[in-house]
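One structure below.
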Amino acid sequence: SSTGSPCIEVDVLGMPLDSCHFRTKPIHRNTLNPMWNEQFLFRVHFEDLIFLRFAVVENNSSAVTAQRIIPLKALKRGYRHLQLRNLHNEVLEISSLFINSRRMEENSSSSAVPASLMFNTEERKCLQTHKVTVHGVPGPEPFTVFSINGGTKAKQLLQQILTTEQNTKPIVTDYFLMEEKFFISKEKNECRKQPFQRVIGPEEEIMQILSSWFPEEGYVGRIVLKTQQENLEERSIIQDDKEVILSSEEESFFVQVHDVSPEQPRTVIKAPRVSTAQDVIQQTLCKAKYSYSILSNPNPSDYVLLEEVVKDATKKSSTPKSSQRVLLDQECVFQAQSKWKGAGKFILKLKEQVQASREDRRKGISFASEFKKFTKSTKQPRGLTSSSLVLASESVQSKEEKPVGSLPSSDAIDYR
Numbered sequence: 001s002s003t004g005s006p007c008i009e010v011d012v013l014g015m016p017l018d019s020c021h022f023r024t025k026p027i028h029r030n031t032l033n034p035m036w037n038e039q040f041l042f043r044v045h046f047e048d049l050i051f052l053r054f055a056v057v058e059n060n061s062s063a064v065t066a067q068r069i070i071p072l073k074a075l076k077r078g079y080r081h082l083q084l085r086n087l088h089n090e091v092l093e094i095s096s097l098f099i100n101s102r103r104m105e106e107n108s109s110s111s112a113v114p115a116s117l118m119f120n121t122e123e124r125k126c127l128q129t130h131k132v133t134v135h136g137v138p139g140p141e142p143f144t145v146f147s148i149n150g151g152t153k154a155k156q157l158l159q160q161i162l163t164t165e166q167n168t169k170p171i172v173t174d175y176f177l178m179e180e181k182f183f184i185s186k187e188k189n190e191c192r193k194q195p196f197q198r199v200i201g202p203e204e205e206i207m208q209i210l211s212s213w214f215p216e217e218g219y220v221g222r223i224v225l226k227t228q229q230e231n232l233e234e235r236s237i238i239q240d241d242k243e244v245i246l247s248s249e250e251e252s253f254f255v256q257v258h259d260v261s262p263e264q265p266r267t268v269i270k271a272p273r274v275s276t277a278q279d280v281i282q283q284t285l286c287k288a289k290y291s292y293s294i295l296s297n298p299n300p301s302d303y304v305l306l307e308e309v310v311k312d313a314t315k316k317s318s319t320p321k322s323s324q325r326v327l328l329d330q331e332c333v334f335q336a337q338s339k340w341k342g343a344g345k346f347i348l349k350l351k352e353q354v355q356a357s358r359e360d361r362r363k364g365i366s367f368a369s370e371f372k373k374f375t376k377s378t379k380q381p382r383g384l385t386s387s388s389l390v391l392a393s394e395s396v397q398s399k400e401e402k403p404v405g406s407l408p409s410s411d412a413i414d415y416r
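With the UniProt record's numbering as the guide, the letters of the sequence shown map in order to residues 1 to 416.
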């Protein structure tokens with residue numbers, strides 16, 4: 001499949017001092033010819049004991065699609081095509097990695113480290129130096145870079161920051177370090193979320209905080225120097241914002257609209273309580289922008305909201321009855337919804353559909369009235385026919401009661 005998002009994982013396998021792990025950024029929707037163009041630098045102390053593992057990993061499922069494990073000494077310098085294999089170590093004919101490897105020899109006299117320190121984790125951690133960026137430090141620049149080691153704690157970094165300030169005598173208790181995580185918005189129109197903030201404890205190690213940040217998960221982190229006064233002011237602002245949000249929550253309500261489109265049978269929107277039917281229709285159409293049927297009719301004035309309320313069963317009728325009505329364009333939806341005494345819903349309809357159903361209903365009513373008139377007119381001649389039959393039977397009886405001599409002349413002639 002060419003729609004995958006592959007990334008490369010490089011593992012340096014060897015002694016604990018040399019072992020490390022690298023991972024590239026994923027190349028989205030390209031498995032035929034992805035290009036990462038990334039480079040990794042790692043130090044090696046025991047070259048004879050090191051193996052390199054290259055793995056092609058699917059970013060979405062973390063499944064390994066191809067790999068290759070080779071000794072570090074077998075990796076030649078320069079540009080090379082590295083043939084990949086599957087998980088059963090079978091050669092894949094097409095899959096290969098194009099890499100460029102080079103080695104740099106360090107001066108042994110300047111970087112001589114005792115062998116005992118290579119196996120001592122705590123001492124080795126203290127020997128490694130790192131750079132950390134701290135925002136909010138007083139000065140002309142918005143941030144300042146400090147050098148720390150692997151075991152530096154927050155209180156030590158705070159003391160280092162405050163000692164670099166000149167012409168001032170800051171008090172350590174007036175300052176503290178805060179961790180901030182800013183969420184990365186994937187779309188330009190997406191509203192920006194508030195950053196996650198957390199006060200860093202004095203005994204926390206800075207490198208552990210830095211290693212816990214993963215930009216591929218959708219956020220970036222930073223360390224900020226704060227004062228207690230700023231913290232109090234921010235808390236008051238946040239409290240005011242919460243009150244505003246709570247007040248806005250009280251002034252809004254949720255409404256569910258049915259039959260939005262064939263692709264979206266229903267949707268739930270949050271609207272102000274003063275929203276009219278046209279306002280709710282406009283929000284519904286905006287939320288259903290990916291529907292093909294909605295794209296042909298994007299005008300909200302072409303739609304109406306049909307209210308359908310199911311009334312509870314009464315003593316006379318055990319089955320519940322439903323009633324429907326069309327909301328006016330400027331009618332308040334919240335007030336209409338609050339009047340429901342039973343189950344109800346709003347249905348999105350085209351005005352043409354509502355008009356057609358009304359015409360069909362009128363035709364049905366007129367047909368019923370005409371049918372009643374017809375039945376009434378047919379009942380009257382039937383009554384006349386029955387009375388004439390009675391009269392005819394009476395005349396027949398009278399004829400039978402007459403004597404034979406009283407027969408008509410025509411019958412007498414025929415008899416003769």
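Think of the CB as a built atom: it goes at the ideal place given N, C-alpha and C, for glycine as much as any other residue.
Just so you know, these numbers come straight off a predicted model, no measurement behind them.
Where do the N-terminal and C-terminal ends of the beta strand (DSSP E) with residue i fall, by residue?
i: residue 418; result: This structure does not reach residue 418, given that the chain is present from 1 up to 416, and the question cannot be answered.
i: S338; result: No beta strand (DSSP E) holds S338; the alpha helix (DSSP H) holding it covers 333-338.
i: T284; result: Premise fails: T284 lies in the alpha helix (DSSP H), 277-287, not in any beta strand (DSSP E).
i: L82; result: 78-85
i: I269; result: 266-272
i: L322; result: The residue asked about is misnamed: residue 322 is Ser in this sequence, not Leu. Looking at the DSSP string, the run of the beta strand (DSSP E) that includes S322 is 321-326.
i: L348; result: 343-350
i: S2; result: Segment: none, S2 is in no beta strand (DSSP E) and carries neither H nor E.
For residue i, report the span of its alpha helix (DSSP H) as first-last.
i: D18; result: It is not in any alpha helix (DSSP H) - D18 carries neither H nor E in the DSSP assignment.
i: M178; result: Looking at the DSSP string, M178 is not in any alpha helix (DSSP H); the run it does join, the beta strand (DSSP E), is 175-183.
i: T24; result: Neither: T24 is in no alpha helix (DSSP H) and is coded neither H nor E.
i: K155; result: 154-164
i: S301; result: S301 -> no alpha helix (DSSP H), and no H or E assigned at all.
i: Q256; result: It is not in any alpha helix (DSSP H) - Q256 instead sits in the beta strand (DSSP E) that spans 252-258.
i: L75; result: Neither: L75 is in no alpha helix (DSSP H) and is coded neither H nor E.
i: I206; result: 206-211
Quick one: what's got a C-beta closer than 8 Å to residue i's C-beta in the same chain, skipping five residues either side?
i: P195; result: E180, K181, F182, F183
i: V354; result: V304, L306, V326
i: T267; result: Q256, V257, V260, T284, K287, A288
i: G342; result: V309, V310, K311, D312, P320
i: S110; result: Residue confidence for S110 is low, a pLDDT of 49 falling below 50, so the modelled location carries little weight; the figure read from the coordinates is stated next. Nothing listed; no residue qualifies.
Report all residues from its chain with a CB closer than 6 Å to the CB of residue i; omit the five preceding and five following residues, and keep chain order.
i: residue 443; result: Outside the shown range of the chain, which is 1 to 416, sits residue 443, and nothing can be said about it.
i: F253; result: R273, F334
i: E105; result: none
i: I70; result: L52
i: S301; result: none
i: T31; result: S2, G4, P6
i: N59; result: S5, C7, P26
i: G383; result: In this predicted model, G383 has a pLDDT of only 47, less than 50, meaning its place in the structure is not dependable; the value taken from the coordinates is given anyway. So the list is empty, once near-sequence residues are dropped.
i: A55; result: E9, V64, Q67
Please tell me whether, using a cut-off of 7 Å, the distance from the CB of residue i to the nearest non-hydrogen atom of the ligand SAH is below it.
i: K155; result: No copy of the ligand SAH appears in this structure; indeed no ligand is present at all.
Below 8 Å on the Cβ atoms is my contact criterion, and I expect residue i with residue j to pass it. Report the Cβ-Cβ distance as a whole number of Å.
i: K349; j: L306; result: 5 Å
i: V224; j: F346; result: Actually they do not touch by this definition, with Cβ atoms about 47 Å apart.
i: Q197; j: T276; result: Not a contact, Cβ separation roughly 40 Å.
i: Q156; j: F146; result: Actually they do not touch by this definition, with Cβ atoms about 10 Å apart.
i: A66; j: L84; result: 4 Å
i: W213; j: G221; result: 4 Å
Report all residues from its chain with a CB closer than 7 Å to the CB of residue i; omit the five preceding and five following residues, and keep chain order.
i: D18; result: V12, V44, H45, F46, I50
i: D174; result: T227, Q228
i: V199; result: F176, M178
i: A336; result: E307, L327
Item to check | Validate contact between the segment 75-84 and the segment 34-48 using beta carbons, cut 8 Å, 3 pairs | outcome: no
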